[in-house]
Amino acid sequence: MKNLAGLMKQAQAMQQNMQDMNARLETLEIQGESGAGLVQLTLTGKGVLKSTKIDPKLLDPNDAEMLQDLIVAAHHDAKTKLETIAAEEMQKATGGISLPPGMKLPF
10 MKNLAGLMKQ
20 AQAMQQNMQD
30 MNARLETLEI
40 QGESGAGLVQ
50 LTLTGKGVLK
60 STKIDPKLLD
70 PNDAEMLQDL
80 IVAAHHDAKT
90 KLETIAAEEM
100 QKATGGISLP
110 PGMKLPF
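Start counting the sequence shown at 10; every next residue gets the next number (the working numbering).
Here's what the structure looks like:
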């Protein structure tokens, strides 16, 4: 019974850590860029696009495809940064315990 009580206490602590991690992620703003900073996007810690900044030099109606590609690249940059930060926060919250792919806490 001691082990079960200890496991329950650890599970509760981990759940609190996960809630704290989610609260920290909600306050984050991650910036991605492409084209040497000509296109910049800001995502929230939850992955929601918050703002965009596009250098006016890129607003050429004859070259819309390049601008579209730069926007996609900037989003990918921001999303990759966000995923890295989220993985680091998850490691802290779970005490380094690796969870199987697709498994999320709290249960």
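From the three backbone atoms N, C-alpha and C, an ideal C-beta is built for every residue, glycine too.
Keep in mind that this is a model prediction, so the values were computed, not measured.
Using the DSSP secondary-structure output, state which residues sit across from residue i in a beta bridge.
i: L52; result: I39, L58
i: I63; result: V48
Could you give the first and the last residue of the continuous alpha helix (DSSP H) run that contains residue i?
i: T93; result: 73-102
Leaving out five residues on either side along the sequence, give the residues of the same chain with a beta carbon under 6 Å from the beta carbon of residue i.
i: S60; result: T51
i: D29; result: none
Drop a sphere of 10 angstroms on the beta-carbon of residue i, count the other beta-carbons inside from all chains shown, and report buried for 16 or more, exposed for fewer.
i: A48; result: Here the sequence assigns Val to residue 48, which means Ala is not the residue at that position. Looking at its Cβ environment, which holds 16 or more other Cβ atoms inside 10 Å, V48 is buried.
Between residue i and residue j, is the Cβ-Cβ spacing less than 8 Å?
i: A87; j: I39; result: yes
i: L34; j: K18; result: no
i: E42; j: A14; result: no
i: A4; j: N26; result: Residue numbering for the chain in the displayed model covers 10 to 116; residue 4 lies beyond these limits and cannot be assessed.
i: P37; j: T53; result: Looking at the sequence shown, residue 37 is not Pro but Leu. Yes.
i: L79; j: G46; result: no
Here's a check: name, in chain order, each residue in its chain whose Cβ is nearer than 8 Å to the Cβ of residue i, leaving out the five neighbours to either side.
i: L91; result: L37, I39, L52, G54, G56
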